[in-house]
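The letter at position 15 of the sequence shown is residue 15 when you use UniProt numbering, and the numbering goes up by one with no holes. In what follows, a structure is listed as structure tokens, so that the remarks can point back to it.
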Amino acid sequence: MTTYVIERNLGQVSDAQLQEAAAYSKQVRNERFPDVGWDRSYVVKTDSGLLTFCIYEAESPERVLEHARAANLPADRIHEVVMVVDPEAL
1 MTTYVIERNL
11 GQVSDAQLQE
21 AAAYSKQVRN
31 ERFPDVGWDR
41 SYVVKTDSGL
51 LTFCIYEAES
61 PERVLEHARA
71 ANLPADRIHE
81 VVMVVDPEAL
């Protein structure tokens with residue numbers, strides 16, 4: 001499995017809408033994409049709304065994109081993680 005960071009521009013959404021989208025994404029993953037792992041998402045606020053950076057594990061970026069489409073979520077950019085720097089190991 002490869003780790004990916006998915007960048008999603010959600011725009012102006014409420015906290016309730018964000019939670020609803022996350023719950024639906026989890027449901028779709030559980031029902032149709034058991035091979036795709038969702039570790040966590042980081043949410044940041046920008047001038048244009050919310051931006052998320054979601055950490056996923058999958059066999060390919062295409063599989064991550066398939067999940068995003070099925071969950072009605074944007075996947076503006078998909079980045080493959082090539083290294084993790086652990087400050088505790090330094």
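We treat Cβ as the ideally placed atom computed from N, Cα and C, and that holds for glycine. Nothing here was measured: the structure is a model prediction, and the numbers come from that model.
Q: Provide the residue(s) that pair with Asn-9 in DSSP beta bridges, ordered along the chain.
A: In the sequence shown, residue 9 corresponds to position 9, counting from 1. Asn-9 is bridged to Leu-51.
Q: Classify Tyr-4 as buried or exposed, calling it buried when 16 or more other Cβ atoms lie within 10 Å of its own Cβ.
A: Here residue 4 refers to the residue found at position 4 when the sequence shown is read from its first residue. So Tyr-4 ends up on the buried side.
Q | Through-space distance from Ala-58 to Gln-19, alpha-carbon basis | A | What you label residue 19 is simply residue 19 of the sequence shown in a count that begins at 1. What you label residue 58 is simply residue 58 of the sequence shown in a count that begins at 1. Each residue's alpha carbon lies about 23 Å from the other.
Q) If you draw a straight line from the C-alpha of Val-64 to the C-alpha of Leu-51, how long is it? A) Locating residue 64 in the sequence shown gives position 64, where the first residue counts as 1. Locating residue 51 in the sequence shown gives position 51, where the first residue counts as 1. Distance between the alpha carbons of Val-64 and Leu-51 is about 17 Å.
**Q.** Pick from Pro-61, Arg-8 and Asn-72 that is closest to Val-36, judged by C-alpha positions
**A.** Counted from its first residue, the sequence shown places residue 36 at position 36. When only C-alpha atoms are compared, the closest one is Pro-61.
(Q) What residue range does the beta strand (DSSP E) around Val-28 cover? (A) Sequence index remark: in the sequence shown, residue 28 carries index 28 (1-based). Here Val-28 belongs to no beta strand (DSSP E); instead the alpha helix (DSSP H) covers 15-32.
Q. Can Ala-75 and Tyr-24 be called in contact, C-beta distance under 8 Å?
A. Position 75 of the sequence shown, counting from 1, holds the residue named residue 75. Position 24 of the sequence shown, counting from 1, holds the residue named residue 24. Cβ atoms of Ala-75 and Tyr-24: not closer than 8 Å.
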